[in-house]
Structures are given as C-alpha cells and as structure tokens.
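Enquirer:
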Amino acid sequence: MVPDAEDKVPDVEDKVPDAEDKALSRNRFLTLRTIKVPDVEDKVPDVEAKVPDVEDKVPDAEDKVPDVEEKVSHSEDKVPDAEDKVPNVEDKVPDAEDKVADIEDKVPDGEDKVTDAEDKVTDVEDKVPDAEEKVSHSEDKVPDAEDKVPNVEDKVPDAEDKVADIEDKVPDGEDKVTDAEDKVTDVEDKVPDAEEKVSHSEDKVPDAEDKVPNVEDKVPDAEDKVADIEDKVPDGEDKVTDAEDKVTDVEDKVPDAEEK
Numbered sequence: 001m002v003p004d005a006e007d008k009v010p011d012v013e014d015k016v017p018d019a020e021d022k023a024l025s026r027n028r029f030l031t032l033r034t035i036k037v038p039d040v041e042d043k044v045p046d047v048e049a050k051v052p053d054v055e056d057k058v059p060d061a062e063d064k065v066p067d068v069e070e071k072v073s074h075s076e077d078k079v080p081d082a083e084d085k086v087p088n089v090e091d092k093v094p095d096a097e098d099k100v101a102d103i104e105d106k107v108p109d110g111e112d113k114v115t116d117a118e119d120k121v122t123d124v125e126d127k128v129p130d131a132e133e134k135v136s137h138s139e140d141k142v143p144d145a146e147d148k149v150p151n152v153e154d155k156v157p158d159a160e161d162k163v164a165d166i167e168d169k170v171p172d173g174e175d176k177v178t179d180a181e182d183k184v185t186d187v188e189d190k191v192p193d194a195e196e197k198v199s200h201s202e203d204k205v206p207d208a209e210d211k212v213p214n215v216e217d218k219v220p221d222a223e224d225k226v227a228d229i230e231d232k233v234p235d236g237e238d239k240v241t242d243a244e245d246k247v248t249d250v251e252d253k254v255p256d257a258e259e260k
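The sequence shown runs contiguously to residue 260 in full-length UniProt numbering.
(1) Where does residue 232 sit, in a helix, a strand or coil, going by DSSP?
(2) Report all residues from its chain with a CB closer than 7 Å to the CB of residue 36; omit the five preceding and five following residues, and keep chain order.
(3) With a 10 Å radius around its C-beta and 16 neighbouring C-beta atoms as the bar for buried, classify residue 117 as buried or exposed.
(4) Could you tell me the distance, in whole angstroms, from the CA atom of residue 184 to the CA atom of residue 169?
(5) What's the gap between the Cα of residue 199 and the Cα of residue 165?
(6) Rounded to whole angstroms, what's the CA-CA distance from residue 197 to residue 177? Just pull it up for me.
(7) For residue 246, does the three-state DSSP call read helix, strand or coil?
(8) Measure the C-alpha to C-alpha separation of residue 115 and residue 125 and round it to an integer number of angstroms.
(9) I'd like the list of long-range same chain contacts for residue 128, defined as Cβ closer than 8 Å, with 5 residues on each side in sequence excluded.
(10) Look at the alpha carbon of residue 203 and the alpha carbon of residue 171, and state the distance between them as a whole number of angstroms.
(11) Quick check: what's the CA-CA separation for residue 222 versus residue 187?
(12) Helix, strand or coil for residue 64 per DSSP?
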C-alpha cells in the first residue's frame, strides 16, 4: 500500500499546483475581467507608473532565487511528511477541481464584460479624433480673433469720442426738453382763456342763427343787383374803349399842336 501511495505522490503533487494555479489564474482573470471600464481607465496610468518599480524589483527577486532553492531543498526534506499527507490531499483534489470548474464556468461572463469594456474603450478612442479636430478648428480660429482685436481696439477711441459728443449734447437736449415743457405749461395756462372764448362764441351762435334768415332773404335782391351790374358791364367796356380811342387821337394831335 505504501509503494502505491509513494507512486501517487508525484502525480498528486503535480496536480495540486496545477489546480491551484488554474484556480488562481481563473480567479485573477475573472477579477480583472469584471472591473468596470472607468476603473480600468483610471488605473491604467497608475499601473504604467508602477512598471518601473516592478522592473527595479526584478534584480531583488533574482537575488532571492538561492534562498528559494534552499527552501525547496528544505521542502524536499519534508517529502516524507507530504507522503503521509497524500491521502488528505487526494481527498481535497475533487473539491479543488470543482472550484476550478466553477471558476471556468464564470470565465465567459468575465470575458463578455471585458469585451464590453473593450468596446467602450474603442468608442472613446474613436471619439478622440473628432475631439482633436474640434480643438484644432478652435485653435485655427484664434489667429482670426487675435487679428480682429486690433481693429476693435482701433474703433474704441472713435466710439469713446462719439460717446463724449453724445454726453456733450445731453445738456442741450435737456435744455430743449425744459423749453418744451415750459411751452407746454404756457399752452396749458392759455387753455382756460381759449375755453372761455369758445364758450363766449358759442353764446353768440344763437344770435347769428337768428340773423341767418334775414340774410337769406336779402340774397335774391343782391343777386338781382349783381345781374344788373353784369348787364351794364359791356356798355361800360364800350365806353372805356371809346374813351381810350379819344385819348389816342388827342395824343396824336399833341405833336402837331406843338409844331404850330
């Protein structure tokens, strides 16, 4: 029975590290795969920063190899004790294998999460060129804006002069407003007198209306007189013409009389 156990020791010892390594590897893999994308992105700079430190520690690890070898030798001395423990180890192998199987079952989910994370990283990387292009476009506009600054600065004095002119004109405008207000006050003061005159005129309207019939009665007589005058106009015009002719004759005779 002992030789069989001794024969199984190497196999069991070989399987145990493999099983433990698989379990640890799968566990690490699952842990890494289940990390959220933002956490991964945030930790990348930290990990990169730690790389030099890890590289610096490699020589120290190499220096420790002799110590490890010594410990291995010491462990080999413990092989007989391990052989005695083989049955217990063999009993634990199925449990370890079951744990490995569970971890392997979880790996696809972890891989899916990693794929999703990688897709998100790809999306972010795809957006980077657009962002860089926008930044470049904004930077291209800076010179134009800087070129416009002198023009704006050149216009500032003119604008200030115009403001000063407007401010100078404000007192005149205020004076004109005051004059206008004074005139309005004068007009308002005259309104009562005007209203009184209107009232007085309205009082005279009935008398004027009473006189209208008398005036209307006199209109036909006046029209008749106008007609008579119009009839006499031609006679008057003829007499004027005769008188002008006589004047002409007299004027013509004046030179002859002067010669005599």
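Backbone N, C-alpha and C fix where the C-beta goes; we use that ideal spot for every residue, glycine too.
Expert: In this structure, then:
(1) helix
(2) For residue 36, the pLDDT reaches just 47, beneath the cut-off of 50, and the residue's location in the model is therefore unreliable, although a value from the coordinates is still provided. Closer than 7 Å at Cβ, skipping near neighbours: no residue.
(3) buried
(4) 22 Å
(5) 50 Å
(6) 30 Å
(7) helix
(8) 15 Å
(9) none
(10) 48 Å
(11) 44 Å
(12) coil
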